[in-house]
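Below: one structure, written as structure tokens.
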Amino acid sequence: MSTEIGTIVTTLTEAQTALMHRMYKHLHANPELSMQEHQTAAYIAQQLDALGIENFICADTGVVGIQRNGNGPIVGYRADSDGLPIAENTGADYASATRGTLSDGTDVPVMHGCGHDTHVTAALTAAARLAEQTSSWRGTIVWIFQPGEETGAGARAMLNDGLWDKAPRPEVLLGQHVFPFAAGSVGLTSGPAMAMADSIKVTLEGKQSHGSQPQDSIDPIVLGAHTITRLQTLVSRELDPQSSAVVTCGSFHAGLKENIIPDRAEFTLNVRTFTEEVRSQMLGGIERIVNAEAMASNAPKPEIERFNSFPKLHNSPEHTEILRMVLIAELGENKVHELPPAMGSEDFGALGDEISVPYVYWFFGGFVPRKSAPPVNHSPHFLPDYEPALATAVRSALAALGHFLR
Ligand code: ZN
Ligand code: ZN
1 MSTEIGTIVT
11 TLTEAQTALM
21 HRMYKHLHAN
31 PELSMQEHQT
41 AAYIAQQLDA
51 LGIENFICAD
61 TGVVGIQRNG
71 NGPIVGYRAD
81 SDGLPIAENT
91 GADYASATRG
101 TLSDGTDVPV
111 MHGCGHDTHV
121 TAALTAAARL
131 AEQTSSWRGT
141 IVWIFQPGEE
151 TGAGARAMLN
161 DGLWDKAPRP
171 EVLLGQHVFP
181 FAAGSVGLTS
191 GPAMAMADSI
201 KVTLEGKQSH
211 GSQPQDSIDP
221 IVLGAHTITR
231 LQTLVSRELD
241 PQSSAVVTCG
251 SFHAGLKENI
261 IPDRAEFTLN
271 VRTFTEEVRS
281 QMLGGIERIV
291 NAEAMASNAP
301 KPEIERFNSF
311 PKLHNSPEHT
321 EILRMVLIAE
331 LGENKVHELP
341 PAMGSEDFGA
351 LGDEISVPYV
361 YWFFGGFVPR
371 KSAPPVNHSP
381 HFLPDYEPAL
391 ATAVRSALAA
401 LGHFLR
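Each residue of the sequence shown is one higher than the one before, starting from 1 at the first, in this note's numbering.
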């Protein structure tokens with residue numbers, strides 16, 4: 001019995017490239033907010049149908065495609081699909097002019113400001129290429145088109161909707177993200193790659209009074225100021241200097257007028273950590289300081305609410321090493337870089353952690369080198385140079401999948 005199978009061709013013909021560019025521009029011009037990706041999901045499902053790839057909707061706006069090609073390994077590949085509430089200011093003729101409605105009812109402009117349109121386009125293109133080259137691979141690819149990455153809700157929603165009961169469980173899970181460095185190159189991080197993130201809202205209750213009669217008040221602004229100052233010591237005085245964490249206060253609201261002491265103050269915190277140990281140290285410390293400062297002010301116990309949390313992203317060192325070799329072979333030694341762990345967050349890791357499947361998430365460059373640094377993700381000016389960016393993403397995806405599907 002022969003086990004010889006061919007090598008996957010990772011480059012595209014002119015016609016395939018043209019099709020990919022049209023797909024990208026369509027997606028770029030039609031972004032949708034997190035967990036509202038209805039048209040995007042319908043478009044993805046339609047493309048998978050056209051390729052003859054079995055697919056189903058998961059978590060309302062997620063799509064799972066199952067591309068089977070005989071017996072062999074099962075590999076998962078994830079592409080996220082949501083846009084952001086940003087007014088696009090790129091000047092592109094395919095720029096988005098669409099608007100959406102946030103869950104609180106606010107009407108907002110919507111933009112693919114994180115480049116998830118490149119992720120979906122690259123995944124669909126890779127699926128099409130693999131459908132044409134069935135003699136060069138064997139096994140099953142589980143394509144996960146995940147909604148709601150930006151709010152950290154999408155991966156969890158797909159898991160809660162039975163993703164791994166409905167789809168075959170892969171032996172390895174892959175994914176990649178466009179980033180503002182040179183197209184043609186990729187960046188990999190072994191082990192802890194992206195931080196966990198926790199968002200916290202604190203409501204401090206005080207006692208309202210005339211500004212001239214502070215003795216009758218419990219001033220929530222003074223309380224809030226002390227609390228936030230004290231929170232700075234969690235990282236600077238309590239954390240082992242060899243560990244890392246971020247505790248940011250990103251909003252503070254209190255009062256309406258200079259001569260009224262208000263009855264409450266609200267602030268929000270964002271916490272980034274890499275280990276469960278440091279995470280619980282920071283979250284526990286926040287609770288302790290918030291409560292203790294309230295006590296010091298003789299104020300009622302504050303309300304502490306958690307919202308938006310992102311899991312850790314811990315790349316399998318073994319599979320990262322394999323991928324490093326595969327990508328070096330595909331792109332060249334000087335095109336594969338080692339990246340330090342990022343304080344940014346991603347919910348990709350949850351998809352693999354849920355079923356203890358190893359995973360690798362890497363970054364691909366989205367820009368032609370230029371004099372000034374390219375705009376960063378989430379900027380209204382973020383516009384990848386799609387031709388080399390997509391080519392890099394497709395080649396990387398095909399090389400990676402090809403390796404694991406032999
Ligand atoms: Zn983003
Ligand atoms: Zn993103």
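All C-beta atoms in this analysis are idealised placements derived from N, C-alpha and C, irrespective of residue type, glycine included.
None of these values were measured; they are calculated from a predicted model.
The closest heavy atom of ligand 2 lies less than 7 Å from the beta carbon of D80.
The alpha-carbon of T268 is positioned some 43 Å away from that of I328. With a cutoff of 7 Å, H378 counts as near ligand 1, since its C-beta is closer than that to a heavy atom of the ligand. In the structure shown, Q213 falls within a coil segment according to DSSP collapsed to helix, strand and coil.
Distance from the CA of F382 to the CA of T40, rounded to the nearest whole angstrom, comes to 20 Å. As a beta-bridge residue in DSSP terms, T203 pairs with E266, E303.
Here W362 carries a strand assignment [DSSP, helix/strand/coil]. If you look at V120, you'll find it in the alpha helix (DSSP H) that goes 116–132. Taking 3 residues as the minimum length, the beta strand (DSSP E) runs contained wholly in the stretch 33–77 are 54–58, 62–69, in order along the chain. With fewer than 16 other Cβ atoms from the protein chains shown falling within 10 Å of its own Cβ, V9 counts as exposed.
In terms of side-chain proximity, the C-beta atom of C114 is found nearer than 7 Å to a non-hydrogen atom of ligand 2. Residue burial annotation: D198 is buried, with at least 16 other C-beta atoms found within 10 angstroms of its C-beta. The beta carbon of H177 sits closer than 7 Å to at least one heavy atom of ligand 2.
Membership of N291 in the alpha helix (DSSP H) is indicated by the continuous run 276–296.
Ligand 1 approaches E150 closely enough that one of its heavy atoms is under 7 Å from the residue's Cβ. Counted as a single uninterrupted DSSP element, the alpha helix (DSSP H) harbouring G154 occupies residues 154–160.
Note on geometry: alpha-carbon atoms of A127 and Q67 lie some 8 Å from one another. A distance of 8 Å or more separates the beta carbons of T121 and L398. Secondary structure of L223 (DSSP, three-state): helix. One thing to note: Q215 has its Cβ no nearer than 8 Å to the Cβ of D263. Residue environment analysis places P374 among the buried positions, since at least 16 neighbouring C-beta atoms fall within 10 angstroms of its C-beta.
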